[in-house]
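K.L.:
Residue numbers (this note's numbering): 25 to 489.
#1: Can you tell me whether residue 463 is buried or exposed? The criterion is at least 16 other CB atoms within 10 Å of its CB, across all chains shown.
#2: Mind reading off the beta-carbon distance from residue 80 to residue 32? Whole number of angstroms is fine, and I expect it under 8 Å.
#3: Taking three-plus beta-carbon pairs below 8 Å as touching, is the region 359–366 in contact with the region 337–347?
#4: Inspect the CB distances between the region 223–236 and the region 317–334 and report whether three or more fall short of 8 Å.
#5: With residue 307 and residue 316 assumed to form a contact (beta carbons below 8 Å), what rounded beta-carbon distance in angstroms separates them?
#6: According to DSSP, is residue 327 part of a helix, a strand, or is it coil?
#7: Classify residue 346 as helix, strand or coil using the three-state DSSP reduction.
#8: Kindly indicate which three-state DSSP category residue 312 falls into: helix, strand or coil?
#9: With a Cβ-Cβ cutoff of 8 Å, do residue 395 and residue 435 count as a contact?
#10: Name the two residues that bound the continuous alpha helix (DSSP H) containing residue 280.
#11: Identify the continuous alpha helix (DSSP H) that holds residue 420 and give its terminal residues.
#12: Using only the alpha-carbon positions, how far apart do residue 485 and residue 62 sit?
#13: Report the rounded CA-to-CA distance for residue 185 versus residue 204, giving the unit in angstroms.
#14: Locate the alpha helix (DSSP H) running through residue 254, then write down its first and last residues.
#15: Could you give the distance in angstroms between the alpha-carbon of residue 36 and the alpha-carbon of residue 157?
#16: Would you mind stating whether residue 318 and residue 38 have Cβ atoms separated by less than 8 Å?
#17: Distance check for residue 200 and residue 40, CA to CA, integer angstroms please.
#18: Looking at C-alpha atoms only, which residue of 43, 451, 146, 346 is the closest neighbour of residue 392?
#19: Would residue 56 pass as a contact of residue 123 if the rule is Cβ separation under 8 Å?
#20: Whose C-alpha, out of 192, 367, 344, 148, is nearest the C-alpha of residue 228?
#21: Output the distance between the C-alpha atoms of residue 457 and residue 413, rounded to the nearest integer angstrom.
#22: Considering only C-alpha positions, which residue in the set 117, 353, 134 is nearest to residue 67?
#23: With C-beta atoms as the reference, is residue 267 less than 8 Å away from residue 345?
#24: In the structure shown, what three-state DSSP assignment does residue 452 receive?
#25: Please report how far the alpha carbon of residue 85 lies from the alpha carbon of residue 418, in whole angstroms.
#26: Does DSSP put residue 269 in a helix, in a strand, or in coil?
#27: Excluding sequence positions up to five away, which residues of its chain have a Cβ less than 7 Å from the Cβ of residue 352?
#28: Are the CB atoms of residue 249 and residue 299 nearer to each other than 8 Å?
#29: Going by other Cβ atoms of all chains shown within 10 Å of its Cβ, with 16 needed for buried, is residue 350 buried or exposed?
#30: Since residue 334 contacts residue 320 with CB under 8 Å, what's their CB separation in whole angstroms?
#31: Which residues bound the alpha helix (DSSP H) around residue 264?
#32: For the alpha helix (DSSP H) that contains residue 86, what are its first and last residues?
#33: Just to confirm before moving on: does the CB-CB distance between residue 65 and residue 269 stay below 8 Å?
#34: By the three-class DSSP mapping on this structure, what secondary structure does residue 104 have?
#35: Quick check on residue 180: buried or exposed, where buried means 16 or more other Cβ atoms within 10 Å of its Cβ?
#36: Can you tell me the Cα-Cα spacing of residue 43 and residue 470, whole angstroms?
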């Protein structure tokens, strides 16, 4: 009973931290019900841990709604964290009482209702995330449409907007990218000093062709991929979990994805590469190599970091006899090598000085200091990140060991490879690299229940009724 109670409390903390910062008035009153429902999904029986849910829900609501000082966070956000603190402070005096009542109402639900409600709960959570991300900064949608492609840019994201408009107007990608950096950035800014400082063309071409050249199509496509990625993670989790238990992973994943809209981070290639990686997970889990290989192959045209997942996809697939045809296992890796080779050739041709040691990023030396700052990238869009971070890593470790070997190789290898890369080459403001790490951590944390309940068809698994 005691370990299960700790797990239920951990699920409640993660769900509160995720939903409290992403769903605001008036829908915020639903958050205590959603959190209690997820804790109930982890304790579907009639044991004492089930009846502790109302008290746990009230206690966690009081803890999460206690504002934190933004000045103590290694990474500060320019907007969201202050708004979250202000919002939670408004509800703080009586939120705990409402949460106790919500927990009591959820506990009284018949167990047979949990499974049919899973799809509706997932849809409600996704709708809340998307609506909140769009409403937090509506000026973004207008700004995307008003750019001319010739305005002065002051950061990478605004430069990417100008590159997009130039590519839509018919200019070739590499000249558009190079001219945007050379002509539109202030004279005090320097151009990238190595070839990978120039982004691969994949995301820009996706924006051009999938939006038919309409600028507002880019944020709409981003929101659609956010929703699709959360559904894909839910479908992948269904390979090991019951429907009501598989909802937790997309709930934890949602804030870091949908935050790209109000923060203007949606134009970062990291997001678009991770979308395709997440969309490939259910196909890989189900043994469908074709769709997974095609999605990963496209992701290699967006971000050079996808070299590690493509290699891991090949290694993991070789150990899974279900994956057919076998030759497609190597397609993403081959695509990645071809794209990277072409990219290095084009950039080094445009800038001959890069052919002499500038093709790759050098060792930066920040090491574990950068890793700590990178992991705190999640602080602005999760409530009480100081409490959530150690719990989410603990659950991610447990969830990792509950997966079959092919999925362990793909997800665990991705984390290990990226942590090593960040330790060697991370510096300064590149904390946004966490976009390539935190989604996997959240997914593994959401899947930690595999250890307790076993997998479908596993005679050693415990009763789920």
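Ideal placement from N, C-alpha and C gives every residue a C-beta, glycine not left out.
P.N.:
According to the data block:
#1: Locating residue 463 in the chain shown gives position 439, counting from the first residue. Buried: at least 16 other Cβ atoms inside 10 Å.
#2: For this step, residue 80 is matched to residue 56 along the chain shown. For this step, residue 32 is matched to residue 8 along the chain shown. With 8 Å as the limit, residue 80 and residue 32 qualify as a contact, their Cβ atoms being about 7 Å apart.
#3: Between the region 359–366 and the region 337–347 there are fewer than three C-beta pairs closer than 8 Å, too few to call the two in contact.
#4: yes
#5: The count along the chain shown starts at 1 and reaches residue 307 at position 283. The count along the chain shown starts at 1 and reaches residue 316 at position 292. Going by Cβ atoms, the distance from residue 307 to residue 316 rounds to 4 Å, so yes, they are a contact pair.
#6: As a working note, residue 327 is residue 303 in the chain shown. In the three-state DSSP reduction, residue 327 falls in the coil class, being neither helix nor strand.
#7: Along the chain shown, read from residue 1 onward, the residue named residue 346 stands at position 322. Of the three classes helix, strand and coil, the one that applies to residue 346 here is coil, per DSSP.
#8: Residue 312 sits at position 288 when you count from the first residue of the chain shown. Three-state DSSP puts residue 312 in a strand.
#9: The count along the chain shown starts at 1 and reaches residue 395 at position 371. The count along the chain shown starts at 1 and reaches residue 435 at position 411. Going by C-beta atoms, residue 395 is not nearer than 8 Å to residue 435.
#10: The residue given as residue 280 occupies position 256 in the chain shown. Where residue 280 is concerned, the enclosing alpha helix (DSSP H) stretches over 272–282.
#11: Residue numbering aside, residue 420 sits at position 396 when the chain shown is read from its first letter. Counting along the chain, the alpha helix (DSSP H) containing residue 420 begins and ends at 409–425.
#12: By one-based count along the chain shown, residue 485 stands at place 461. By one-based count along the chain shown, residue 62 stands at place 38. At residue 485, the pLDDT of 40 sits below 50, so the modelled position is not reliable; the number obtained from the coordinates is stated separately. When rounded, the distance between both Cα atoms is 20 Å.
#13: For the purposes of this step, residue 185 is identified with residue 161 of the chain shown, where counting begins at 1. For the purposes of this step, residue 204 is identified with residue 180 of the chain shown, where counting begins at 1. In a straight line, the C-alpha of residue 185 is about 10 Å away from that of residue 204.
#14: The count along the chain shown starts at 1 and reaches residue 254 at position 230. Start and end: 241–261.
#15: Stepping through the chain shown from its first residue, residue 36 is reached at position 12. Stepping through the chain shown from its first residue, residue 157 is reached at position 133. Each residue's Cα considered, the two are about 23 Å apart.
#16: For this step, residue 318 is matched to residue 294 along the chain shown. For this step, residue 38 is matched to residue 14 along the chain shown. The answer is no: Cβ separation not under 8 Å.
#17: What you label residue 40 is simply residue 16 of the chain shown in a count that begins at 1. What you label residue 200 is simply residue 176 of the chain shown in a count that begins at 1. Looking at the two C-alpha atoms, the distance is approximately 44 Å.
#18: To locate residue 392, count along the chain shown from 1; it is residue 368. Looking at the Cα atoms, 451 is the closest of the given residues.
#19: Locating residue 56 in the chain shown gives position 32, counting from the first residue. Locating residue 123 in the chain shown gives position 99, counting from the first residue. Cβ distance < 8 Å, so residue 56 and residue 123 count as in contact.
#20: Counting from 1 along the chain shown, the entry for residue 228 is found at position 204. The option with the nearest alpha carbon to residue 228 is 192.
#21: Working through the chain shown from its first residue, we reach residue 457 at position 433. Working through the chain shown from its first residue, we reach residue 413 at position 389. Cα-Cα distance, rounded: 17 Å.
#22: What you label residue 67 is simply residue 43 of the chain shown in a count that begins at 1. If we check each option's Cα against that of residue 67, 134 comes out closest.
#23: Indexing the chain shown from 1 puts residue 267 at position 243. Indexing the chain shown from 1 puts residue 345 at position 321. No, these two residues do not count as a Cβ contact at 8 Å.
#24: Sequence index remark: in the chain shown, residue 452 carries index 428 (1-based). DSSP places residue 452 in coil when its eight states are reduced to three.
#25: Against the chain shown, residue 85 aligns to sequence position 61. Against the chain shown, residue 418 aligns to sequence position 394. Each residue's Cα considered, the two are about 21 Å apart.
#26: The count along the chain shown starts at 1 and reaches residue 269 at position 245. If DSSP states are grouped into helix, strand and coil, residue 269 belongs with the helices.
#27: Position 328 of the chain shown, counted from the first residue, corresponds to residue 352. Counting only Cβ-Cβ distances below 7 Å, and skipping sequence neighbours, we find 313, 314, 317.
#28: Counting from one through the chain shown, the residue named residue 249 turns up at place 225. Counting from one through the chain shown, the residue named residue 299 turns up at place 275. Yes, Cβ-Cβ distance for residue 249 and residue 299 is below 8 Å.
#29: Sequence index remark: in the chain shown, residue 350 carries index 326 (1-based). Classification of residue 350: exposed, given that the 10 Å Cβ count is below 16.
#30: Position 310 of the chain shown, counted from the start, is the residue given in the question as residue 334. Position 296 of the chain shown, counted from the start, is the residue given in the question as residue 320. With a beta-carbon spacing of about 6 Å, residue 334 and residue 320 fall inside the 8 Å limit used to define contacts.
#31: Within the chain shown, numbered from 1, the residue matching residue 264 stands at position 240. From DSSP, residue 264 is part of no alpha helix (DSSP H); its letter is neither H nor E.
#32: Here residue 86 is taken as the residue at index 62 of the chain shown, counted from 1. Element bounds for residue 86: 77–88.
#33: Translated into the one-based positions of the chain shown, residue 65 becomes position 41. Translated into the one-based positions of the chain shown, residue 269 becomes position 245. The Cβ atoms of residue 65 and residue 269 sit closer than 8 Å to each other.
#34: Here residue 104 corresponds to residue number 80 of the chain shown, with the count starting at 1. In this prediction, residue 104 scores a pLDDT of 48, lower than 50, which makes its location untrustworthy; no coordinate-derived value is stated.
#35: Here residue 180 refers to the residue found at position 156 when the chain shown is read from its first residue. Taking a 10 Å sphere around the C-beta of residue 180, we find 16 or more other C-beta atoms and assign the residue as buried.
#36: Numbered from 1 along the chain shown, position 19 holds the residue referred to as residue 43. Numbered from 1 along the chain shown, position 446 holds the residue referred to as residue 470. If I take the Cα positions, the gap works out to 14 Å.
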